[in-house]
Ligand SMILES: Cc1ncc(COP(=O)(O)O)c(C=O)c1O
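Residue numbers (the numbering used here): 745 to 1020.
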């Protein structure tokens, strides 16, 4: 259905209280990238939120229909909610609601300014690690970043350690090694992060693997890092040129050599397989 004609019930619990889960991925020539991994994470988020499990067959056939009807789609979003329910936090009994929608692709600056916001990501929260439609915290952080002329906001967690962005994972290059916070920091298990950890840890076309460390990152390490980049399904690998906010740092080269190498390896993966 065209945007604006599709109807969602006013008592859908995703509308009422954000009681739903979602996935976003890019569509390349009519094919959603890494769909199997995204559907796996959607299922894990649904189980984590104790929603009914969405039918993978139903989702896949809805995606096929929507993508076919939108041949120029650059972005695909799948949302699964608990469906119609009371106008409060109590959940209804109804079947879930599935929404599949597309849009044009996002475009990002070649190097991004990221704003370290004053609010903490709660690495111990009930929703930690789940990709739920309760994203207003991200909306507020991103609006704050945009006021500071940045295209992404970065969060520390309650322990004061580096966590993630509103829709991105973060990597640093320290002493030549790639460093990214662990899932215990409270960040989402990003599909792009996961793929980058897989491809950079193996030898590719005779090129040696990168040194990769998944470990807690003190935010002050941002001040001595050689490079930093963001990863997400719509950005792939996106260099950070500057950090503003709670800490300030300018990177001399963005993208630097390691970021460029990782971005090239990711593009190569993407050109060879649509569902890695
Ligand atoms: C909070 C958060 N962190 C990280 C990511 C990056 O994950 P992915 O690489 O799967 O897009 C996202 C994706 O939107 C996100 O919402």
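For glycine and all other residues, C-beta sits at the position ideal for the given N, C-alpha and C.
> Quick one: is residue 853 buried, meaning 16 or more other Cβ sit within 10 Å of its Cβ, or exposed?
Replying inline: Locating residue 853 in the chain shown gives position 109, where the first residue counts as 1. Note on residue 853: under 16 other CB atoms within 10 angstroms of its CB, so exposed under the neighbour-count rule.
>> Taking the alpha-carbon of residue 923 as reference, which of 961, 938 and 877 has the nearest alpha-carbon?
In response: Taking the chain shown and counting its residues from 1, one reaches residue 923 at position 179. Of 961, 938 and 877, the residue nearest in Cα terms is 961.
>> Let me check you understand the geometry: is the CB of residue 792 closer than 8 Å to at least one non-hydrogen atom of ligand 1?
In response: Translated into positions along the chain shown, residue 792 becomes position 48. Answer for residue 792: no, Cβ out of range of ligand 1.
> In this structure, does DSSP put residue 927 in helix, strand or coil?
Replying inline: Position 183 of the chain shown, counted from the start, is the residue given in the question as residue 927. DSSP places residue 927 in helix when its eight states are reduced to three.
> Looking at the structure shown, is residue 768 part of a helix, part of a strand, or coil, going by DSSP?
Replying inline: One-based indexing of the chain shown puts residue 768 at position 24. Strand, per DSSP.
> Relative to ligand 1, is the shortest distance from any of its heavy atoms to the C-beta of residue 1022 smaller than 8 Å?
Replying inline: In the structure as shown, the chain starts at 745 and stops at 1020, and residue 1022 therefore has no counterpart that could be examined.
> Of all the alpha helix (DSSP H) runs that stay within the bounds of the segment 903-948, which reach a length of 4 or more residues?
Replying inline: 935-944
> With distances taken between CB atoms, is the gap from residue 927 to residue 965 smaller than 9 Å?
Replying inline: Residue mapping note: residue 927 aligns to position 183 of the chain shown, counting from 1. Residue mapping note: residue 965 aligns to position 221 of the chain shown, counting from 1. No.
> Taking 8 Å as the line, does the beta carbon of residue 868 fall inside it for any heavy atom of ligand 1?
Replying inline: Within the chain shown, residue 868 is the residue found at index 124, counting from 1. Because no heavy atom of ligand 1 lies under 8 Å away, the Cβ of residue 868 does not count as near it: no.
> Expressed to the nearest angstrom, what Euclidean distance is found between the alpha-carbon atoms of residue 829 and residue 802?
Replying inline: For the purposes of this step, residue 829 is taken as the residue at position 85 of the chain shown. For the purposes of this step, residue 802 is taken as the residue at position 58 of the chain shown. One C-alpha to the other measures close to 22 Å.
>> For residue 984 and residue 856, which I take to be in contact (beta-carbon distance under 8 Å), what is that distance rounded to the nearest angstrom?
In response: Working through the chain shown from its first residue, we reach residue 984 at position 240. Working through the chain shown from its first residue, we reach residue 856 at position 112. Correct: roughly 6 Å between the Cβ atoms.
> Cβ of residue 895 versus every heavy atom of ligand 3: is any distance shorter than 8 Å?
Replying inline: Although ligand 3 was asked about, the structure shown includes only ligand 1 as ligands.
>> For the structure I just gave you, are there three or more beta carbon pairs, one from the segment 937-946 and one from the segment 812-824, closer than 8 Å?
In response: no
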